[in-house]
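Input: a single structure, listed below in structure tokens.
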Amino acid sequence: MARNKVQFQRGLSDVEFDRLYGTEEKCREAIFSWRWPQGFECPACGGHAHCELKRRALWQCNACRTQTSLTAGTIFAATKLDLMVWFRAMFHMTQTKQGISALELSRRLDVNYNTAWAIHHKLKQVMLERERSAPLDGRVEMDDAYLGGARSGGKRGRGSPGKTPFLAAVATTAEGKAHRVKLRRIKRFTKKAVKKLTARIVMPGAHVVTDGLGCFKAVEEAGCTHQAIVMRNGRKAGRHPAFRAVNTVLANIKTAITATFHAGASKHAPRRLAEFAYRFNRRYDLAAMILRLGYIAVRTPPMPCRLLKLAEDHG
């Protein structure tokens, strides 16, 4: 039996990671190349002529005299940690199949929990910002899904207390396999909410396949063609071939989140979902994932912890 090439790819090994990013100087060189691939560019005037103030670790534009640091204006801004700590965090977050909790990250990085939590959520914010682009096209399976809920006792199903509803959309290949995913938290499954969200994550003209939940009729109002397959029994819907891709993705999400996170605030669910989607959508080249994450990280504005704790996804 042939092995799944995606599942058995080597990814980025510890040895290769150390070769590429094993010193502070290598990390600085990587960030410089990601931020200024064509050479230094002044953030104020766009000028290229500059001088380096090595003692202060600053670059100064010769034209407007603006001074900037390597991490200013990026997700790494104002960090007091070595860049090697950030790079090691990116390594663990991209190369582990089911993700890594902030608690485990604190152990791996040898930092306290609050520091690990901030790094963890800042990098997930980068993933969230990136996942807002490139809507799905072609054939898309869509379903309602939920995180959390009562651990024991109480009401079950959609009305269970403590559940965080989210919309799962999966673009499929010609063979019906999951290709790309979009996962978005939603306040409630109404036609208005589904229409608004579909317009953001699915291209007009895409063919959307859903179950018979009434709110999914709104995908047509978002410019998509719609095929509703009414299933009276929820278990049968889970085995229906028309929903194979989305059900496989949802099963993987719940397995990963249950194994990695034991609890978490609903307001942080968007970043948690974005982290899974980010890794899933780039699973074909694990070794390059840290490079791609770093490239986007230097283009993501600073995110203070006070905003991380308050932030909620609005699109």
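Residue numbers for the sequence shown follow this note's numbering, so the first one is 357 and each next one is one higher.
Note that the Cβ used here is the ideal one computed from N, Cα and C, for glycine as well.
Chain-order list of residues whose beta-carbon lies under 7 Å from that of residue i (same chain, five-residue window excluded)
i    : result
S508 : Confidence at S508 is low in this model, with a pLDDT of 45, below 50, so its placement is unreliable and no value can be given for it.
L569 : D500, F545
K610 : none
L465 : V441, R444, A445, A472
I542 : P521, F522, L523, A549, L553
H448 : I456, L461, R464
K551 : A574, E577, A578
V371 : none
K410 : none
M587 : D567, G568, A593, H596
Nearest to residue i (by Cα), restricted to the options the options
i    : options                : result
P597 : E577, D567, E576, V575 : D567
A413 : A428, I613, E487       : A428
H535 : E497, L553, Y502, L503 : E497
A419 : F396, W390, A555       : F396
D493 : Q451, A386, A525, K665 : A525
L666 : A630, A474, C571       : A474
A633 : K478, A386, Q454       : Q454
T604 : A555, A625, G532, R628 : G532
A612 : V371, T452, A527       : T452
T450 : A643, C661, T424       : A643
S489 : L539, N470, G504       : L539
V467 : R600, D438, K480, Y640 : D438
H404 : K410, R411, C417       : C417
T528 : M587, F599, C407, C661 : F599
L503 : A400, A625, C571, C407 : A625
C398 : A555, L664, Y469, L426 : L426
L663 : K410, K478, N470       : K478
A630 : H406, A400, L484, L368 : L484
A601 : A530, D641, C571, C661 : A530
G402 : A386, R421, S389, I387 : R421
Cβ neighbours of residue i in the same chain (closer than 8 Å, five flanking residues each side left out)
i    : result
K573 : K547, H582, A584
G561 : D493, G579, C580, T581
T379 : M440
A555 : A578, G579
R384 : L426, L439
Residues sharing a beta bridge with residue i, DSSP
i    : result
I585 : D567
W415 : E408, T424
E497 : V526, V565
P560 : Per DSSP, none; premise fails for P560.
P657 : None; P657 has no bridge partner.
K610 : Paired residue(s): none; K610 is not in a bridge.
Y502 : P521
L492 : V558
Residues near residue i in its chain [Cβ-Cβ closer than 6 Å; skip 5 each side]
i    : result
P491 : I557, V558, M559
F636 : V537
V564 : V496, M498, V575, C580, H582
M446 : I646, L649
I652 : V482, R486
A458 : A472, W473, H476
F373 : F447
R391 : V654
E408 : W415
Q423 : L414, Q416
R744 : Residue 744 falls outside the range modelled here, since the chain spans only 357 to 671, and no answer is possible.
Extent of the continuous alpha helix (DSSP H) run through residue i
i    : result
A458 : 458 to 465
K538 : Segment 534 to 541 is the beta strand (DSSP E) holding K538; no alpha helix (DSSP H) there.
F632 : 625 to 637
W390 : 380 to 391
D374 : 370 to 377
R544 : Neither: R544 is in no alpha helix (DSSP H) and is coded neither H nor E.
V441 : 439 to 451
A474 : 469 to 487
Cβ-heavy atom distance, residue i to the ligand ZN, below 6 Å
i    : result
V537 : As for the ligand ZN, it is missing from this structure, which has no ligand bound.
Would you be able to state if there are at least three C-beta pairs under 8 Å between the stretch 425 to 445 and the stretch 652 to 661?
-> yes
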